[in-house]
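The structure under discussion appears below in the form of structure tokens.
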Amino acid sequence: MKILSGIQPSGQLHIGNYFGMMLPMIRNMEKGELYAFVVNLHALTSVHDREKLTMGTLEAAADFIALGLDPERCIFWVQGDVPEVTELTWILSTLTSMGLLERCHSYKDKVAKGIAPSHGLFSYPVLMAADILLYQAEIVPVGKDQKQHLEVARDIGIRFNHIFGETFVIPEPAIAESVATVPGLDGQKMSKSYGNTIPIFLEGKQLKKQVMAIQTDSTPVEEPKDPDACNLYNIFKLFATADRLAEIRKLYVDGGAAYGYIKLELVDLIGDYFKEAREKRAGLLQDKYSLKKILAQGAQKARDKAAPTLDLVRQRVGLKY
Ligand code: ADP
Ligand code: TRP
8 MKILSGIQPS GQLHIGNYFG MMLPMIRNME KGELYAFVVN LHALTSVHDR
58 EKLTMGTLEA AADFIALGLD PERCIFWVQG DVPEVTELTW ILSTLTSMGL
108 LERCHSYKDK VAKGIAPSHG LFSYPVLMAA DILLYQAEIV PVGKDQKQHL
158 EVARDIGIRF NHIFGETFVI PEPAIAESVA TVPGLDGQKM SKSYGNTIPI
208 FLEGKQLKKQ VMAIQTDSTP VEEPKDPDAC NLYNIFKLFA TADRLAEIRK
258 LYVDGGAAYG YIKLELVDLI GDYFKEAREK RAGLLQDKYS LKKILAQGAQ
308 KARDKAAPTL DLVRQRVGLK Y
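All residue numbers for the sequence shown refer to the working numbering, where the first residue is 8 and numbers rise by one.
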């Protein structure tokens, strides 16, 4: 089974990205042929700063590998290193109706948040469809926010097959319902664009500062509280052992849960959880030559997979004469 998903290098990756997308992808190495990539062409729709994009790309790649993605056991590359995807994007865009893209709420949300409404931002879902269809992916694990983009990819694939004959595998989304949306410091969805994140590799004072900033209510310590309604508890539970979580839960229910102490414990838990990965990441970023080599090898593997599909597409539509 072919499983594929990508992540944007548009800012520091956070624990929401980790539990919602990266960890499920890392676990998928066991389940099938895994395709994972850093979508720098997509990030160009919101990042117009060379240094930020190049560093963001290398850091996202290092993050993924440090956290456990093994480039030997999957295909791991940077989107822009496979030019086939942009050619397919153009071909697909000629059969994508304006109405289909106009209905996408992600575009409207991003414009509302202040991202310039460029043509690239509008056609973002077509590039994403090309990402998926080019590799004939069967399963695409994404968060709930990407569900509509998956539907667009399916619609475009179905339309192509209908007009030009069976060409593409129609992908199925895998929405991890079990990983509820990780809340941010303010209780909204944790997101780079809301500035409410705990970046995965924060440490020391900076980590402590973010964790202490998790918003909690003003119920006195001795009063009972509902753990499931508490933002702090919902982040704590991602890191604590089952036994420790049960103890803390009891404190919430019976009274006696002191937010300040729980936060300090959480700082240590997060620090320890990512300790090994943090060291591995530092090593990867210190030796950028080797990191780039891993990515170049990944891109070659991806191109080898992409070429036959693009060749077939060119033939089907009449670009091969
Ligand atoms: P952000 O909202 O921070 O910009 P992205 O939109 O780049 O994050 O999301 C990258 C991946 O991480 C997607 O698959 C998305 O569903 C997942 N993801 C992002 N934020 C969360 C969250 N708070 N909880 C769970 N998954 C998340
Ligand atoms: N749009 C996705 C996001 O913002 C990233 C992405 C690009 C992607 N291409 C993809 C995800 C292909 C899955 C499959 O999270």
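Backbone N, C-alpha and C define an ideal beta-carbon position, used for all residues, glycine too. These figures come from a predicted structure and were not determined experimentally.
- request: Find out if the Cβ-Cβ distance for the pair residue 141, residue 48 is shorter than 8 Å.
  value: no
- prompt: Quick one, which of 198, 173 and 158 has its alpha-carbon nearest residue 182's?
  reply: 158
Sufficient close CB pairs (3 or more, under 8 Å) joining the region 10-20 to the region 102-121: no
query: Under the rule that 16 or more other beta-carbon atoms within 10 Å means buried, what is residue 29, buried or exposed?
result: buried
task: Compute every distance between the C-beta of residue 83 and the non-hydrogen atoms of the ligand ADP, then say whether any falls below 7 Å.
output: no
message: What would DSSP say about residue 263, mapped onto helix, strand or coil?
response: coil
query: Quick one: does the C-beta of residue 138 sit closer than 7 Å to a heavy atom of the ligand TRP?
result: yes
- prompt: At which residues does the beta strand (DSSP E) containing residue 13 begin and terminate?
  reply: 9-14
- request: Out of 84, 167, 112 and 127, point me to the one whose CA is closest to residue 55's CA.
  value: 127
query: Looking at C-beta atoms only, is the number of pairs between the region 92-101 and the region 116-126 that lie closer than 8 Å three or more?
result: no
query: Does DSSP put residue 183 in a helix, a strand or coil?
result: coil
Nearest neighbour of residue 218, chosen from 21, 8 and 17 [CA to CA]: 21
message: Determine whether the beta carbon atoms of residue 172 and residue 27 lie at a separation below 8 Å.
response: no
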